[in-house]
Amino acid sequence: MTLLTFRFAPSPNGELHLGHAYSALLNQQMAAQAGGRLLLRIEDIDITRCTPEFEAGVLRDLEWLGLRWERPVRRQSEHFAEYREVLDRLISEELVYPAFMSRGEIRAFIAESGGRDWPRDPDGVPLYPPLDKALSARERKRRIAENMPFAWRLDVEAAIARVAAGLSWMEFTNERMAATRAIKAQPQAWGDVIVARRDIPTSYHLAVVVDDALQGVSHVVRGQDLSSATGVQRLLQELLGLPQPRYFHHRLILGPDGRKLSKSLKDIGLAALREAGMSPQGIRQLSGL
35 MTLLTFRFAP SPNGELHLGH AYSALLNQQM AAQAGGRLLL RIEDIDITRC TPEFEAGVLR
95 DLEWLGLRWE RPVRRQSEHF AEYREVLDRL ISEELVYPAF MSRGEIRAFI AESGGRDWPR
155 DPDGVPLYPP LDKALSARER KRRIAENMPF AWRLDVEAAI ARVAAGLSWM EFTNERMAAT
215 RAIKAQPQAW GDVIVARRDI PTSYHLAVVV DDALQGVSHV VRGQDLSSAT GVQRLLQELL
275 GLPQPRYFHH RLILGPDGRK LSKSLKDIGL AALREAGMSP QGIRQLSGL
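In structure tokens:
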């Protein structure tokens, strides 16, 4: 009998906060209730912002909370060769293309082509213009040979045409995993998303689907803010012939102003709460577990 496998996958680019604690502890709780496994993955493909010091802090906070996970820990930065193999497959199948426009060029193009009416993704970011997708193979090779900066973007229209109709995912309706419902995936809402960069052969979307498959993850438990991104990941899973996990997108822990907690906005971290005398049980109570 195959054990159900859950994972908690933080990025070590700042301090963990109460929202991370809730997600980590919920994963542990759901894994225990299902008699399953809990894995820890360090998502550190951003080698500039992710540091060993932040990773040490992440591990310290999780151990203090009482989280228990299987070893070894998978660090994405140690598996770039695996992601490169998958990227090469997408390149060979002409499902991705090199995108050369800078942020300034994107803004200028959009300003000239519709401004506020330009379509945006679920995060409110303007969709990438279609210019680079129309470049000839010769022109793409010339620009790459001249070391022009670029990112590999998924040709979402071509990718959707390649997979079966009715792309969806199975979502648990509560943390007890008592029932599921099918959610229609809408990857086109994100436009041609980045799947890799020239110097880093992956992105969040590509790395996470590869890792979940390689690690045998059967259940992905994460915040509601990532729910719409699941559509892109389901599309990649179908393109690459990877298994589909079950999903549960849990509620977010909000700050006093009603917004979700954020490392980038330096919301109070677990280390500061611990130093102020908060106990692990107090963290559980604050997060509603």
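If you read the sequence shown in the working numbering, its first letter stands for residue 35, the second for the next number, and so on.
Quick reminder that beta carbons are idealized off the backbone N, C-alpha and C, glycines included.
N47 and Q222 have their C-alpha atoms roughly 29 Å apart. Contact between R215 and T207 holds, since their C-beta atoms are separated by about 6 Å, short of 8 Å.
Straight through space, the alpha carbons of L201 and S57 are spaced by roughly 27 Å.
The three-state secondary structure of R118, taken from DSSP, is helix.
Taking all protein chains shown into account, I178 has fewer than 16 neighbouring C-beta atoms within 10 Å of its C-beta and is therefore exposed. For M204, the enclosing beta strand (DSSP E) starts and ends at S202 to F206. Cα atoms of F42 and E173: separation of roughly 42 Å, rounded to the nearest angstrom.
Of the residues assessed, V159 falls on the exposed side of the cut-off, its CB having fewer than 16 other CB atoms within 10 angstroms. For A185, the secondary structure class from DSSP, reduced to helix, strand or coil, is strand. For Y238, the enclosing alpha helix (DSSP H) stretches over residues Y238 to L248.
Less than 7 Å divides the Cβ of L50 from the Cβ of L304.
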